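Counting in full-length UniProt numbering, the sequence shown runs from 2 upward without gaps.
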Amino acid sequence: LNILVLHGPNLNLLGQREPGVYGSATLEDINRLLETEAKALQVKVSVLQSNHEGVLVDTIHGARDQHSGILINAGAYTHTSVAIRDAIAGVNIPTVEVHLSNIYRREPFRHHSYIAAIAVGQISGFGPDSYRLGLQALVHHLRQNQP
Ligand code: DQA
Numbered sequence: 002l003n004i005l006v007l008h009g010p011n012l013n014l015l016g017q018r019e020p021g022v023y024g025s026a027t028l029e030d031i032n033r034l035l036e037t038e039a040k041a042l043q044v045k046v047s048v049l050q051s052n053h054e055g056v057l058v059d060t061i062h063g064a065r066d067q068h069s070g071i072l073i074n075a076g077a078y079t080h081t082s083v084a085i086r087d088a089i090a091g092v093n094i095p096t097v098e099v100h101l102s103n104i105y106r107r108e109p110f111r112h113h114s115y116i117a118a119i120a121v122g123q124i125s126g127f128g129p130d131s132y133r134l135g136l137q138a139l140v141h142h143l144r145q146n147q148p
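Written as structure tokens, this is what we have:
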């Protein structure tokens, strides 16, 4: 299995960005954790971070023939982007949504996710562990639903 991991806007600033909310781990730390988990699960991960909605949409389209699942933290686009939701629905690749913070304990504008309704599921609030748990859940889902 080859999993596409997408990090959305501002996640390149992790470590420096609002550490009270997002913690001290950098994006590199998170990618390293994902690599370790991928090895344990015997899957491959391809990782991309972008601050641009269109780049994320194009990358999701490009996943069609190469990736069997998508793990995404769409950052603020979670709450705004019909385009990213439609891209995921359009390629029909099982997707798990993750967030470092618990979006439901925060401002009301973060309580709605455009992605949640077309995702397999969502993990929110466990810091970098959200990604690890999300990868596990996605891989288990894909293996259970393999023909
Ligand atoms: C986030 C939560 C979003 O509301 C926010 O815009 C982010 C990060 C998280 O991982 O907790 O950029 O997706």
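Virtual Cβ for every residue (Gly too), placed ideally from N, Cα, C. Owing to the predicted nature of the structure, the values given are computational and were not obtained by experimental measurement.
Using 10 angstroms around the beta-carbon of P109, count the other beta-carbons present and answer buried if the total reaches 16, otherwise exposed.
exposed
Inspect the CB distances between the region 52-59 and the region 84-92 and report whether three or more fall short of 8 Å.
yes
Return yes when the C-beta of P10 is under 8 Å from any heavy atom of the ligand DQA, and no when it is not.
Checking the Cβ of P10 against the ligand DQA gives yes.
Rounded to the nearest angstrom, how far is the Cβ of L143 from that of L2, given a contact under 8 Å?
6 Å
Among T96, R107, G128, which one has its Cα closest to the Cα of A117?
T96
Among S51, S47, G24, which has the Cα closest to the Cα of H8?
S51
Would you say the beta carbon of A25 is closer than 8 Å to some non-hydrogen atom of the ligand DQA?
A small correction: the amino acid at residue 25 is Ser; Ala does not occupy that position in the sequence shown. Outside the cutoff, so no.
Just tell me which of Y105, A75, K40, V83 has its CA closest to the CA of Q137.
When each option's Cα is compared against that of Q137, the closest is K40.
Taking the continuous beta strand (DSSP E) assigned at G122, which residues delimit it?
122-125
What does the alpha-carbon distance come out to for the pair S125 and T27?
18 Å
Classify I116 as helix, strand or coil using the three-state DSSP reduction.
coil
Would you mind stating whether N74 and H100 have Cβ atoms separated by less than 9 Å?
Going by C-beta atoms, N74 is nearer than 9 Å to H100.
Terminal residues of the continuous alpha helix (DSSP H) containing H141?
130-145
Which one of I94, Y115, F127, V121 has the shortest CA to CA distance from R106?
F127
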